[in-house]
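Down below is the structure, laid out as structure tokens.
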Amino acid sequence: MWNAVGFGDPIVTATVTGQQLHDALEQQWTVPAGGGLKYAPLAVSANVRYSFDATGPAGDRVDPVDVFIDGTALDVSRTYRVAAPSYTLLNQDGYPAFTGFTRPFRHNRDFESFVTYVKERGRIEPAPLDRVTVKNSSAPGARIGATTVPPRLRSADGKVLPRAEAAVLAAGRPSAEGFRVPC
């Protein structure tokens, strides 16, 4: 299980707006220096489905009417409770839309939560593979984007920091021990 989810990030449940959810979905695509299209997909829950337009520019690929949570269309004006690694909510994965979250509640770290989840269920099944669909995939100029691994945060001596430590340092919230996760 460590190999599947072993980053060590605390899981945080927080309140975000529908607009923040939409904006985070749009932030999956960016245009890196030098051009091209980078795609850093979010791992959405089994109860989320959405479509994106493969011909749209970065920042305009997901129409809110094409996003469904529990079978209901996304309402950009209401709030939703989400669970995510603190690293993601603190914009260390490239989703600044989440940084305005409210009412955070810190849970166990990701791998501890995953172990508990598996123990409670005994057997797990993968989420449906049709949760994300592509519009205009065969149209001229259609592109999904290149998937890349984001750079890792490094300490002053050049060592790669574990994600949990990187999230703590990125939060910049000092405590008696140095830094702490903000929730």
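Going by the numbering used here, the first residue of the sequence shown is number 1, and it counts up by one from there. All residues carry an ideal CB built from backbone N, CA and C; glycine is no exception. It should be emphasised that the depicted structure is a prediction, and the values quoted were computed from it without experimental measurement.
Item	Value
Between Ala54 and Asn136, what straight-line distance do the alpha-carbon atoms span, to the nearest angstrom?	6 Å
State the DSSP-derived secondary structure class of Asp130, mapped to helix, strand or coil.	coil
Would you give the residue range spanned by the alpha helix (DSSP H) that Arg121 belongs to?	Asp110 to Arg121
Starting from the Cα of Gly56, find the closest Cα among Lys159, Leu90, Ser155 and Ile144 and give me that residue.	Ile144
Leaving out the 5 sequence neighbours to the left and right, which residues in its chain are closer than 7 Å to Gln20 when beta-carbon positions are compared?	Ala97, Phe98 and Gly100
CB-CB under 6 Å to Gly172, same chain, minus the five flanking residues each way: which ones, in chain order?	Any reading at Gly172 must be qualified, since the residue scores a pLDDT of 48, below 50, and its modelled position is unreliable; the value itself is stated next. Excluding positions up to five away in sequence, the list is empty.
Ile11: which of Val44, Ala24, Val82 and Asn47 sits nearest, CA to CA?	Val82
Count the other CB atoms within 10 Å of the CB of Asp130; is the residue buried (16 or more) or exposed (fewer)?	exposed
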